[in-house]
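38 is the number of the first residue of the sequence shown in the working numbering; add one for each residue after it.
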Amino acid sequence: MKASETIEYETLLCPYKAPISSPLCPSLSIKHSSATVSNPFERRRGHCLRLRRNSDFLAMKFNISSLSPTSLLSSSTLHLISASDFSISPAQRRYGEVVASPPALALEQRQRKKDKAILKEIEKATPSADPKKTEHLLALEGAKERLHLIKANLLEEGCFDSLVDGCEGVFHTASPFYHDVKDPQVELIDPALKGTLNVLGSCAKNLSVKRVVLTSSVAAVAFNGRPRAPDVVVDESWFSDPEFCKQNKLWYVLSKTLAEDAAWKFTKEKGIDMVTINPAMVIGPLLQPTLNTSAAAILNLINGSQTFPNSTFGWVNVKDVANAHIQAFEIPSANGRYCLVESVAHLSEVVKILQELFPAFQLPEKCADDKPFTPTYQVSKERTKSLGIEFIPLKQSIKETVESLKEKKLFTWSTRDLTPMVHIVYLLGTVFPLVPCACE
38 MKASETIEYE TLLCPYKAPI SSPLCPSLSI KHSSATVSNP FERRRGHCLR
88 LRRNSDFLAM KFNISSLSPT SLLSSSTLHL ISASDFSISP AQRRYGEVVA
138 SPPALALEQR QRKKDKAILK EIEKATPSAD PKKTEHLLAL EGAKERLHLI
188 KANLLEEGCF DSLVDGCEGV FHTASPFYHD VKDPQVELID PALKGTLNVL
238 GSCAKNLSVK RVVLTSSVAA VAFNGRPRAP DVVVDESWFS DPEFCKQNKL
288 WYVLSKTLAE DAAWKFTKEK GIDMVTINPA MVIGPLLQPT LNTSAAAILN
338 LINGSQTFPN STFGWVNVKD VANAHIQAFE IPSANGRYCL VESVAHLSEV
388 VKILQELFPA FQLPEKCADD KPFTPTYQVS KERTKSLGIE FIPLKQSIKE
438 TVESLKEKKL FTWSTRDLTP MVHIVYLLGT VFPLVPCACE
């Protein structure tokens, strides 16, 4: 490499870009995922990037302690090189120089073909058949440089092998959530259970994976037949009972319960470091342009309904849920389950909050049945505190949800949504507009 030559490399799925220089070649520009760099060869979690490119050296990224290689994305190809093909001397281990043996050169050629196939799959999958599912993602800041959308099937075994290859962290968030189902096994249980095991199976095949963060649910925690009351505290030691779920036809709850249980058994057997995030009803600003089940619970209260269901839910803001996922991966001591519930409230309480925030809305005034209200309960926040989560209050989350529903045009406010008395005032203000007056 000539001293004047500059080559840029960037790690795959890099959330930050911080250029540094290599002492091997001062003009060499390297980009990697660290927001701040105190030493050119340091980044969080001990991962270092070393690059020297000529006939004797190849490019790779590795962990100093374990020498576990991960993927490195250049402008033309993706190099995935096995540590077993390298001879590491103590000096090279200290300074990060990795000498390639002849078999590694042949490996690189074979790998290039595989990499081209992966990149071709990325290009093919990016323009989705349903733009509504991807346009909002591709529009995010930095998406062109740091986001790759790849077509995959949760039910296809091995489908995620090449995608997980080289990744240090895997976040499995996908699981269908809706109530109107005709075939619970096909629509909910199989995607949740088999999908989770397929993703974990791919993780087990790749030594680069350091931790898996699984999006579970309070649904997998609190449904076991035990009585719930205002003085009852639900915590991470609770597990939902599959038989109880079946008897009560709680199919979504069953799907999440079976999926998390299977995940813990699988990761224990394979020695995978997994953390689960168990949120309640997730509300707040919508990222996607379509309506999801949790936000629909709020929409159904403001769209002119005359009654509200006799239901009690735990609530949490989507921004807190996203933050918890990041912290669960970033904090080395994170482990086990984390219930994410800011507060538990009956829908009658949610209606009261809506009345305070939006007094002009026509909201339901009575419950859909005459039975006693479903009791509230508490959910422990002790473990969540260790992730540094400071929950956004329910009132603010409800406000953000309604504003987002308006912004996405999923809810249109008009004069017909006004209560009768407010409607009269509104009309009077239209016919006889108020004007400022000078008072002595």
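All residues carry an ideal CB built from backbone N, CA and C; glycine is no exception.
Problem - Same chain only: Cβ atoms within 6 Å of Ser254, ignoring 5 sequence neighbours per side - result: Lys293 and Asn315
Problem - Alpha-carbon to alpha-carbon, Trp352 and Val249 - result: 24 Å
Practice task
Please determine, among Ala405, Glu182 and Pro221, the residue with the shortest C-alpha to C-alpha distance to Pro346.
Solution key: Ala405
Exercise for the section: Pick out whichever of Leu237, Thr349 and Asp220 has its Cα sitting closest to the Cα of Lys307. Expected result: Leu237
Exercise for the section: Kindly indicate which residue of Pro412, Phe428 and Met311 has the alpha-carbon position closest to the one of Val270. Expected result: Pro412
Exercise for the section: Flag this pair as yes or no: are the beta carbons of Lys432 and Ile390 separated by less than 8 Å? Expected result: yes
Exercise for the section: Return helix, strand or coil for Phe398, following the three-state DSSP convention. Expected result: strand
Problem - Closest by C-alpha distance to Lys443, when choosing among Ser277, Pro322, His216 and Glu182 - result: Pro322
Problem - beta strand (DSSP E) segment containing Ser380, residue limits - result: Ser380 to His383
Exercise for the section: In the DSSP assignment, find the unbroken alpha helix (DSSP H) run with Thr304 in it and report its ends. Expected result: Trp288 to Lys307
Handout entry: Extent of the continuous alpha helix (DSSP H) run through Ile339
Key = Thr330 to Ile339
Exercise for the section: Express the C-alpha separation of Pro213 and Ser348 in angstroms, rounding to a whole number. Expected result: 21 Å
Practice task
Would you identify the three-state DSSP class for Asn360, choosing helix, strand or coil?
Solution key: helix
Exercise for the section: Report buried or exposed for Tyr480, applying the criterion of at least 16 other Cβ atoms within 10 angstroms of its Cβ. Expected result: Nothing in the structure corresponds to residue 480, since the chain is present only between 38 and 477.
Practice task
Put Thr327 into one of helix, strand or coil per three-state DSSP.
Solution key: coil
Practice task
Can you grab the Cα-Cα spacing for the pair Leu174 / Leu184, in whole Å?
Solution key: 8 Å
Practice task
Ignore the nearest five residues each way along the sequence and tell me which others in Leu231's own chain have a CB closer than 6 Å to its CB.
Solution key: Note that residue 231 is Lys in the sequence shown here, rather than Leu. Excluding residues within five positions, the ones whose Cβ falls inside 6 Å are Leu192.
Problem - Pro396 classed as buried or exposed, judged by whether at least 16 other C-beta atoms fall within 10 angstroms - result: exposed
Problem - Residues near Glu134 by beta carbon distance below 6 Å, same chain, minus five either side - result: Low local confidence applies: a pLDDT of 34 at Glu134 is under 50, so the model's placement there is unreliable, and no value is given.
Problem - Strand pairing of Gly351, partner residues [DSSP] - result: Val381
Exercise for the section: Give the straight-line distance between the Cα atoms of Ser274 and Thr449, rounded to the nearest whole angstrom. Expected result: 43 Å
Problem - Status (buried if at least 16 other CB within 10 Å, exposed otherwise) for Thr233 - result: buried
Problem - Within-8 Å CB hit, Thr349 to chain C - result: Looking at the structure shown, chain C is missing, and only one protein chain is on hand.
Practice task
Verify whether the separation of the beta carbon atoms of Asn243 and Val290 is less than 8 Å.
Solution key: no
Practice task
Can you tell me which of Thr313, Ala176 and Ser380 puts its alpha carbon nearest to the alpha carbon of Phe276?
Solution key: Thr313
Exercise for the section: Along the alpha helix (DSSP H) that carries His173, what are the first and last residues, could you check? Expected result: Glu172 to Leu175
Practice task
My understanding is that Ala180 touches Ala229, with C-beta atoms under 8 Å, so please give their C-beta distance in whole angstroms.
Solution key: Contact doesn't hold; Cβ gap of about 28 Å is too wide.
Practice task
Return the CA-CA distance between Lys188 and Glu178, expressed in angstroms with no decimal places.
Solution key: 21 Å
Practice task
Pick out the complete alpha helix (DSSP H) segments inside the stretch 226–289, 4 residues or longer, and give them in chain order.
Solution key: 227–241 and 279–284
Practice task
Please confirm if the stretch 368–388 is in contact with the stretch 415–427, defined as three or more CB-CB distances below 8 Å between the two stretches.
Solution key: yes
Problem - Distance between Pro401 and Leu338 (C-alpha atoms, nearest Å) - result: 7 Å
Handout entry: Backbone CA spacing between Glu172 and Ser434 [nearest angstrom]
Key = 25 Å
Handout entry: Straight-line Cα distance separating Ala241 from Val388
Key = 46 Å
Practice task
Spatial neighbours of Ser239 within its chain, please: CB distance less than 6 Å, with the 5 preceding and 5 following residues excluded, ordered by chain position.
Solution key: Phe197, Asp198 and Val201
Problem - Boundaries (first-last residue) of the alpha helix (DSSP H) holding Thr421 - result: Glu419 to Lys422
Exercise for the section: Would you check if the distance between the CB atom of Ile335 and the CB atom of Thr252 is smaller than 8 Å? Expected result: no
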